[in-house]
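Worksheet for the structure shown next.
2 protein chains.
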Amino acid sequence: MKAIALLGGPKEEWTNEIQTVFKEAKKNGDLVIGVDRGSYLLEELGIMPDLAIGDFDSLKKEELTKIESNVKDIRYSNPVKDWTDSELMIKSVFAGYNAKSLTIYGATGGRIDHFLVNLFMFLNPEIKKYAEKVTLIDQQNLIRFFLPGHHVITKEKDYPYFGVASLAAIQNLNISKAKYFLENYSGDYPRVFASNEFRQDRDEFELDFDSGFISVIFSKDIDKFEHAMN
Amino acid sequence: MKAIALLGGPKEEWTNEIQTVFKEAKKNGDLVIGVDRGSYLLEELGIMPDLAIGDFDSLKKEELTKIESNVKDIRYSNPVKDWTDSELMIKSVFAGYNAKSLTIYGATGGRIDHFLVNLFMFLNPEIKKYAEKVTLIDQQNLIRFFLPGHHVITKEKDYPYFGVASLAAIQNLNISKAKYFLENYSGDYPRVFASNEFRQDRDEFELDFDSGFISVIFSKDIDKFEHAMN
């Protein structure tokens with residue numbers, strides 16, 4: 005089973021086709037998840053989540069009541085807690101529902117500490133084991149995660165640029181067959197190798213590293229004003 | 005001397021009063037810096053930067069010509085380089101101009117690899133030594149940086165929330181006198197303690213840690229639609 009989740013990040017970061025994507029997922033029988041305010045935002049889009057997770061403290065009483073009367077599986081988190089709502093969601097999706105992949109919308113923008121929670125949580129060993137099955141998407145970026153090893157990474161349609169972000173200590177990072185290459189980089193702290201591009205004659209680049217954790221951020225240029233008008 | 009810089013991030017992330025802030029800085033004799041596209045955006049706002057840094061590859065020829073004929077100090081970076089434009093700017097501001105503080109706008113939003121460069125560069129020892137003098141600002145967030153030690157951190161006006169982001173391995177992190185506290189946390193990889201708040205009766209909280217590097221992200225809720233209309 006595939007899974008798709010909406011977190012509570014600002015709508016301005018959504019892709020234009022988000023409603024279609026979630027409706028399609030629902031039709032295909034994928035697992036649809038709302039996290040905290042994301043549950044309500046899904047209902048606003050006319051999509052009933054199969055699973056809602058959060059402390060729901062950002063919702064008004066009548067918004068929560070609506071979710072409680074319509075959503076089959078609701079998991080309440082504790083606002084003072086060891087697991088964030090996003091982490092609890094990842095665990096539920098993979099350990100509970102045994103999903104084979106997860107696409108997350110609404111993880112970016114707005115309060116930067118919230119975004120960094122959604123990025124750094126993949127370093128937590130309990131979450132990291134699922135990281136390669138997860139994709140984060142917003143209007144301008146698509147983020148994937150990689151564990152140590154050799155990876156042939158295929159271009160994502162419409163995303164000409166990519167940055168390789170080492171999110172922790174890393175050993176022997178190599179980036180090859182891309183516009184800019186990197187050889188045997190090791191470092192003790194996070195660092196980003198930004199603004200790389202696929203070569204004109206290739207739709208793939210290669211990445212390998214011996215230890216550490218990598219996030220590849222695919223991106224495109226957009227005209228935000230035009231986007232807002234769409 | 006104080007310094008203020010504009011990077012090339014999307015305008016949608018600017019605070020409403022950005023033009024006033026830069027005009028005021030110019031009037032006060034502060035050092036005004038444009039980084040890459042930020043140089044041109046400053047000119048558009050009617051503000052001539054004192055210093056422009058970048059490879060300027062995102063500018064049209066006539067845009068660059070305008071900057072070249074008007075800006076006193078221009079420093080060209082190499083697109084294939086060890087130092088990013090932002091890092092070169094930090095070094096120029098503190099080692100070159102000997103500024104006592106730096107406020108940066110335009111560092112967030114848009115391509116996430118670009119934002120992470122602007123965040124993670126402060127882990128580079130050559131940049132880290134200036135980190136406590138730097139503030140990043142966008143419409144919803146204000147970011148400051150802290151080196152090991154004991155810190156009494158004062159509330160930033162209009163920012164009720166804060167998150168404490170440990171950006172690297174850390175030892176003995178304590179957060180006290182805030183709504184949520186943390187005791188003796190140590191970890192090998194980045195982690196964020198998000199959604200904390202100042203106590204109702206206090207405009208300060210305390211932070212201390214023995215080794216590592218901390219970013220405190222102050223934030224507020226905004227109605228983005230209202231913001232766009234202002």
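The listed protein sequences derive, respectively, from chains A and B.
Here my numbering is used: the first residue of the first sequence is 5, the next is one more, and so on.
Here my numbering is used: the first residue of the second sequence is 5, the next is one more, and so on.
Backbone N, C-alpha and C fix where the C-beta goes; we use that ideal spot for every residue, glycine too.
Since the structure is predicted, the reported quantities are computational estimates derived from the model, not experimental observations.
*Can you name the residues of chain A whose CB is closer than 7 Å to the CB of B/H118?*
The residue labelled residue 118 of chain B in the question sits at position 114 within the second sequence. The contacting residues are A198.
*Quick one, are the C-beta atoms of A/G110 and A/L49 less than 8 Å apart?*
What you label residue 110 of chain A is simply residue 106 of the first sequence in a count that begins at 1. What you label residue 49 of chain A is simply residue 45 of the first sequence in a count that begins at 1. Against a cut-off of 8 Å, the Cβ pair of A/L49 and A/G110 comes out as no contact.
*Does DSSP put B/A135 in a helix, in a strand, or in coil?*
The count along the second sequence starts at 1 and reaches residue 135 of chain B at position 131. Helix.
_B/K27 in three-state terms, based on DSSP_ = For the purposes of this step, residue 27 of chain B is identified with residue 23 of the second sequence, where counting begins at 1. Note: B/K27 maps to helix in three-state DSSP.
*Buried or exposed: where does A/E230 fall if 16 or more other Cβ atoms within 10 Å of its Cβ makes it buried?*
The residue labelled residue 230 of chain A in the question sits at position 226 within the first sequence. Here the model assigns A/E230 a pLDDT of 46, short of 50, so the residue's position is not dependable, and the following value carries that caveat. A/E230 should be labelled exposed.
_Does A/L10 come out as helix, strand or coil in the three-state DSSP assignment?_
The residue labelled residue 10 of chain A in the question sits at position 6 within the first sequence. In the structure shown, A/L10 sits in a strand (DSSP, three-state: E or B).
*Does the separation of the CB atoms of A/V196 and B/F124 fall below 8 Å?*
Working through the first sequence from its first residue, we reach residue 196 of chain A at position 192. Working through the second sequence from its first residue, we reach residue 124 of chain B at position 120. Result yes, Cβ atoms of A/V196 and B/F124 sit closer than 8 Å.
*Between B/N2 and chain A, is there a C-beta pair that is closer than 8 Å?*
As displayed, chain B neither begins before 5 nor continues past 234, which places residue 2 of chain B out of reach and without an answer.
*Distance, Cα to Cα, A/L211 vs B/K31?*
Locating residue 211 of chain A in the first sequence gives position 207, where the first residue counts as 1. Locating residue 31 of chain B in the second sequence gives position 27, where the first residue counts as 1. Their backbone Cα atoms lie some 49 Å apart in a straight line.
*Comparing the C-beta of A/N234 with each C-beta of chain B, is any distance below 8 Å?*
On the first sequence, residue 234 of chain A is found 230 positions in, with the first residue counted as 1. Caution is warranted here: a pLDDT of 36 is assigned to A/N234, below 50, making its placement in the model unreliable, and no coordinate value can be reported.
*Residue range of the beta strand (DSSP E) that includes A/D89*: Residue mapping note: residue 89 of chain A aligns to position 85 of the first sequence, counting from 1. Per DSSP, A/D89 belongs to no beta strand (DSSP E); it is in the alpha helix (DSSP H), D89 to K95.
_Closest Cα partner of B/K137 within the set B/L106, B/G13, B/G33 and B/K159_ = The count along the second sequence starts at 1 and reaches residue 137 of chain B at position 133. Of the candidates B/L106, B/G13, B/G33 and B/K159, the one whose C-alpha sits nearest the C-alpha of B/K137 is B/L106.
_B/D54 vs B/I37 beta-carbon contact at 8 Å_ = Here residue 54 of chain B corresponds to residue number 50 of the second sequence, with the count starting at 1. Here residue 37 of chain B corresponds to residue number 33 of the second sequence, with the count starting at 1. For B/D54 and B/I37, yes; Cβs fall inside 8 Å.
*asked:* Here's the rule I'm using: 16 or more other beta-carbon atoms within 10 Å means buried, otherwise exposed. How should A/N20 be labelled?
replied: By 1-based counting over the first sequence, the position of residue 20 of chain A is 16. Under this definition A/N20 is an exposed residue.
*Spell out a yes or no on whether the stretch 184-204 of chain A and the stretch 127-141 of chain A are touching, meaning 3 or more CB-CB pairs, one atom from each, closer than 8 Å.*
no
_Whole-number beta carbon distance between A/N82 and A/D59, since they are thought to touch under 8 Å_ = Residue 59 of chain A sits at position 55 when you count from the first residue of the first sequence. Residue 82 of chain A sits at position 78 when you count from the first residue of the first sequence. Sure, about 7 Å apart at Cβ, within 8 Å.
*What's the gap between the Cα of B/D40 and the Cα of B/F126?*
Stepping through the second sequence from its first residue, residue 40 of chain B is reached at position 36. Stepping through the second sequence from its first residue, residue 126 of chain B is reached at position 122. One C-alpha to the other measures close to 19 Å.
*Report the neighbours of B/R115 on chain A: residues whose CB is nearer than 9 Å to its CB, in chain order.*
Along the second sequence, one-based indexing puts residue 115 of chain B at 111. Near B/R115 (Cβ distances below 9 Å), the residues of chain A are Q144, N145, Y165, G167, A198, S199, I221, S223, K224 and D225.
_Identity of the residue in B/D192, B/E208 and B/I174 nearest B/Y184 by Cα_ = Along the second sequence, read from residue 1 onward, the residue named residue 184 of chain B stands at position 180. The option with the nearest alpha carbon to B/Y184 is B/E208.
*asked:* I'd like to know whether the C-beta atoms of A/S223 and B/I116 end up nearer to each other than 8 Å.
replied: Taking the first residue of the first sequence as 1, we reach residue 223 of chain A at position 219. Taking the first residue of the second sequence as 1, we reach residue 116 of chain B at position 112. Cβ distance < 8 Å, so A/S223 and B/I116 count as in contact.
*Rounded to whole angstroms, how far is the Cβ of B/V97 from the Cβ of B/A198, which I believe are closer than 8 Å?*
The residue given as residue 97 of chain B occupies position 93 in the second sequence. The residue given as residue 198 of chain B occupies position 194 in the second sequence. Not really, about 30 Å apart at Cβ, beyond 8 Å.
*Please confirm if A/E230 has its CB atom under 8 Å from at least one CB of chain B.*
Mapped onto the first sequence, residue 230 of chain A falls at position 226. Legend: pLDDT at A/E230 = 46, less than 50; position of this residue unreliable, no value from coordinates given.
_8 Å is my cut-off, CB to CB: does B/R195 come that close to chain A?_
By one-based count along the second sequence, residue 195 of chain B stands at place 191. Yes - at least one Cβ of chain A is within 8 Å of the one on B/R195.
*Spatial neighbours of A/I71 in its chain, beta-carbon cut-off 6 Å, leaving aside the 5 residues before and after*: Position 67 of the first sequence holds residue 71 of chain A. Correct list, in chain order: S43 and A56.
*Roughly how many angstroms separate the alpha carbons of B/A232 and A/Y163, rounded to a whole number?*
By one-based count along the second sequence, residue 232 of chain B stands at place 228. By one-based count along the first sequence, residue 163 of chain A stands at place 159. Because the pLDDT at B/A232 is just 44, under 50, the model does not fix this residue reliably, and the value given afterwards should be weighed accordingly. Roughly 27 Å between the two C-alpha positions.
_Looking only at its chain, what residues have a beta carbon closer than 6 Å to the beta carbon of A/P14, apart from the 5 residues adjacent to it on each side?_
Counting from one through the first sequence, the residue named residue 14 of chain A turns up at place 10. Excluding sequence neighbours, A/P14 sits near G113 and G114.
*Please compile the residues from chain B whose C-beta is within a distance smaller than 9 Å of the C-beta of A/T69.*
Here residue 69 of chain A is taken as the residue at index 65 of the first sequence, counted from 1. Result: empty, since nearest Cβ-Cβ is about 23 Å, beyond 9 Å.
*Starting from B/L171, find everything on chain A with Cβ-Cβ shorter than 8 Å and list it in chain order.*
Start at 1 with the first residue of the second sequence, and residue 171 of chain B comes out as number 167. Under the 8 Å cutoff, chain A gives Y193 and P194.
*Using DSSP with H/G/I as helix, E/B as strand and the rest coil, what is B/E230?*
As a position in the second sequence, residue 230 of chain B is number 226, starting the count at 1. With a pLDDT of only 46 at B/E230, under the threshold of 50, the placement of this residue in the model should not be trusted; the figure read from the coordinates follows. Residue state, collapsed to three classes: helix.
*Excluding the 5 residues preceding and the 5 following B/Q175 in the sequence, name in chain order all residues of the same chain whose CB lies nearer than 8 Å to its CB.*
By one-based count along the second sequence, residue 175 of chain B stands at place 171. If we look at B/Q175 and ignore the five residues flanking it on each side, its Cβ neighbours are S190, F213, D214, S215 and G216.
_Given this structure, state the Cα-to-Cα distance separating A/P129 from B/Y193, to the nearest angstrom._
Numbered from its first residue, the first sequence carries residue 129 of chain A at position 125. Numbered from its first residue, the second sequence carries residue 193 of chain B at position 189. Rounded to the nearest angstrom, the two C-alpha atoms are 10 Å apart.
*beta strand (DSSP E) containing A/L146: first to last residue?*
Here residue 146 of chain A corresponds to residue number 142 of the first sequence, with the count starting at 1. That run of the beta strand (DSSP E) goes N145 to F150.
*asked:* 8 Å is my cut-off, CB to CB: does B/F124 come that close to chain A?
replied: As a working note, residue 124 of chain B is residue 120 in the second sequence. Cβ-Cβ to chain A under 8 Å: yes for B/F124.
*Using a Cβ cut-off of 8 Å, pull out every chain A residue sitting near B/L127, in sequence order please.*
In the second sequence, residue 127 of chain B corresponds to position 123, counting from 1. Here the neighbours are Y193, P194 and R195.
_Helix, strand or coil for A/N178? Go by DSSP, reduced to three states._
As a working note, residue 178 of chain A is residue 174 in the first sequence. In the structure shown, A/N178 sits in a strand (DSSP, three-state: E or B).
_By the DSSP assignment, the alpha helix (DSSP H) with B/R41 in it spans what residues?_
Residue mapping note: residue 41 of chain B aligns to position 37 of the second sequence, counting from 1. R41 to E48 is the span of the alpha helix (DSSP H), which, as asked, contains B/R41.
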